[in-house]
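Q: Following this message is one structure expressed as structure tokens.
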Amino acid sequence: MRAQDILRSRPEGLYCPPGDFFIDPVRPVKRALITHGHADHARAGHGSVLATRETLAIMGLRYGEGFAGATQAAVAGQTLRLDGASVTFHPAGHVLGSAQIAVEKDGLRIVASGDYKRASDPTCAAFEPVACDVFITEATFALPVFRHPDPADEIARLVKSLQQFPERAHLVGAYSLGKAQRVIAMLRQAGYDKTIFIHGALATLCDYYESEGVELGPLAPATVETASAADFAGAVIVAPPSTFADRWARRFPDPVACFASGWMRIRQRAKQRGVELPLILSDHADWDELVATIRDTGAGEVWVTHGREEALVRWCEINAIAARPLHLVGYEDEGD
Ligand SMILES: [Zn+2]
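In numbering that gives the first Met the number 0, the protein residues as written are 0 to 335.
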């Protein structure tokens, strides 16, 4: 049995012939296993979906309850038999419910890690390294220049800015699934206990995170209609980055535009977006996390996907680990 006989790239996504299923397919398929709820990984319209309970709930909230013909909840650490293959879900530390999927046949184990990170995140279970023969890794920030700072230090910079500019609203751009809740939960960890205002697009997912025991503290809708602009002086408002261009965002008093993203490492990106306070806060592994994780898995072979494959493939080769890019189409992660 060769690894390519267990998992291979198809136009629909990563396919397992012995188990007859796809992982994170980008087109509707009969049987899908899904790593996490971000839109490019979790799509509606599959015949059946196997995912963690949280990912199924998130898909239900985003697509409506009829998002798949049938669903089955995968429990972390429990092995399931799917035709000729065994699968086990393990936490990926990316967003609530995110999982790596280990696929095994005849003693050969491949781990498809989906998106992952190793940095601390109070909103989801931490990544667990899984020993395997082949490790499939993402490569969003796979260049040595990408080294994410300590997340707590980035949140401390936001808190400091709030103290420095008590008359200005702080408008924090954060993706609606994962990053927004992480920013809020980390502000609470840092001792920020005032009401945090959220854009309407975040309400459902924030409610869901809270129902799963992630404490977000007092939240209120950031609607200017029901409050005067002055009420937002010195306030934190969290919103999807796409809303910054809306009229909605211009109503707040002299806002400090902040953006929580791994891409904020690149000054030019922050500048282009008019971001005054870039917060380098990523839900993806940086270069050091990627190479540490490859070593942790003990994999003799690595398949690299979702991003900058070349540098990581090269690093593997230098370190005597077989590696190749795995070309999967249709992924542009919504949470960075
Ligand atoms: Zn993701």
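Ideal Cβ placement from N, Cα and C applies to all residues, glycine included.
Note that this is a predicted model, so its numbers are computed, not measured.
Assign S241 to one of three DSSP states: helix, strand, or coil.
A: Within the sequence shown, residue 241 is the residue found at index 242, counting from 1. Helix at S241.
Q: Relative to the alpha-carbon of E275, which residue among T203, L60 and L157 has its alpha-carbon at the smallest distance?
A: Position 276 of the sequence shown holds residue 275. Ranking the options by Cα distance to E275, first place goes to L157.
Q: Check whether the Cβ atoms of D253 and R167 sit closer than 8 Å, and answer yes or no.
A: Counted from its first residue, the sequence shown places residue 253 at position 254. Counted from its first residue, the sequence shown places residue 167 at position 168. A contact, by the Cβ cut-off of 8 Å.
Q: Hey, would you say the C-beta of H93 is under 7 Å away from at least one heavy atom of ligand 1?
A: As a first step, residue 93 is located in the sequence shown; it is residue number 94 there, counting from the start. Under cutoff, so the answer is yes.
Q: Tell me where the alpha helix (DSSP H) around K159 begins and ends.
A: In the sequence shown, residue 159 corresponds to position 160, counting from 1. Its alpha helix (DSSP H) spans residues P150 to Q163.
Q: Going by DSSP, name the residue or residues bridged to S47.
A: Taking the sequence shown and counting its residues from 1, the one referred to as residue 47 is at position 48. According to DSSP, S47 bridges with R30 and A69.
Q: DSSP on L280, reduced to helix/strand/coil?
A: On the sequence shown, residue 280 is found 281 positions in, with the first residue counted as 1. In the structure shown, L280 sits in coil (DSSP, three-state: anything other than H, G, I, E or B).
Q: When the Cα of K178 is compared with those of D82, D282 and G96, which residue comes out closest?
A: Mapped onto the sequence shown, residue 178 falls at position 179. The candidate whose alpha carbon is nearest that of K178 is D282.
Q: Could you please give the first and the last residue of the uninterrupted beta strand (DSSP E) stretch that includes I320?
A: Locating residue 320 in the sequence shown gives position 321, counting from the first residue. No beta strand (DSSP E) holds I320; DSSP gives it neither H nor E.
Q: Going by Cα to Cα distance, which pick from H198, G96, I135 and L142 is closest to D120?
A: One-based indexing of the sequence shown puts residue 120 at position 121. Minimum Cα distance to D120 is reached at G96.
Q: Which two residues bound the contiguous beta strand (DSSP E) that contains K104?
A: What you label residue 104 is simply residue 105 of the sequence shown in a count that begins at 1. Counting along the chain, the beta strand (DSSP E) containing K104 begins and ends at A98 to K104.
Q: Note down the Cα distance separating Y14 from V28, rounded to an integer number of angstroms.
A: Taking the first residue of the sequence shown as 1, we reach residue 14 at position 15. Taking the first residue of the sequence shown as 1, we reach residue 28 at position 29. Those two C-alpha atoms are separated by around 10 Å.
Q: Note the first and the last residue of the continuous beta strand (DSSP E) segment covering T78.
A: Looking up residue 78 in the sequence shown gives position 79. Looking at the DSSP string, the run of the beta strand (DSSP E) that includes T78 is T78 to L81.
Q: Alpha carbon to alpha carbon, what distance is there between E300 and E309?
A: If you number the sequence shown from 1, residue 309 lands on position 310. If you number the sequence shown from 1, residue 300 lands on position 301. Their backbone Cα atoms lie some 15 Å apart in a straight line.
Q: Can you give the Cα-Cα distance for K104 and D82, rounded to whole angstroms?
A: The residue given as residue 104 occupies position 105 in the sequence shown. The residue given as residue 82 occupies position 83 in the sequence shown. If I take the Cα positions, the gap works out to 10 Å.
Q: How is the alpha helix (DSSP H) around L204 delimited, first residue to last?
A: As a first step, residue 204 must be located in the sequence shown, where it is residue number 205. Taken as a continuous stretch (DSSP letters only), the alpha helix (DSSP H) holding L204 covers A202 to S210.
Q: Is the closest heavy atom of ligand 1 to the C-beta of H40 under 7 Å?
A: Position 41 of the sequence shown, counted from the first residue, corresponds to residue 40. H40: yes, Cβ under 7 Å from ligand 1.
Q: Compute the Euclidean distance between the alpha carbons of T242 and G68, then round it to the nearest angstrom.
A: As a working note, residue 242 is residue 243 in the sequence shown. As a working note, residue 68 is residue 69 in the sequence shown. Whole-angstrom Cα-Cα distance: 33 Å.
Q: L55 to G113, Cα distance in whole Å?
A: Here residue 55 corresponds to residue number 56 of the sequence shown, with the count starting at 1. Here residue 113 corresponds to residue number 114 of the sequence shown, with the count starting at 1. When rounded, the distance between both Cα atoms is 16 Å.
Q: For H326, which option in I135, E211, A291 and G46 has the closest C-alpha, if you only look at C-alpha atoms?
A: As a first step, residue 326 is located in the sequence shown; it is residue number 327 there, counting from the start. Comparing Cα positions, the closest option is I135.
Q: Could you name the residues that DSSP lists as bridge partners for Y14?
A: What you label residue 14 is simply residue 15 of the sequence shown in a count that begins at 1. Looking at the DSSP assignment, Y14 forms a beta bridge with R7 and F21.
Q: Note the first and the last residue of the continuous alpha helix (DSSP H) segment covering E53.
A: Mapped onto the sequence shown, residue 53 falls at position 54. That run of the alpha helix (DSSP H) goes R52 to Y62.
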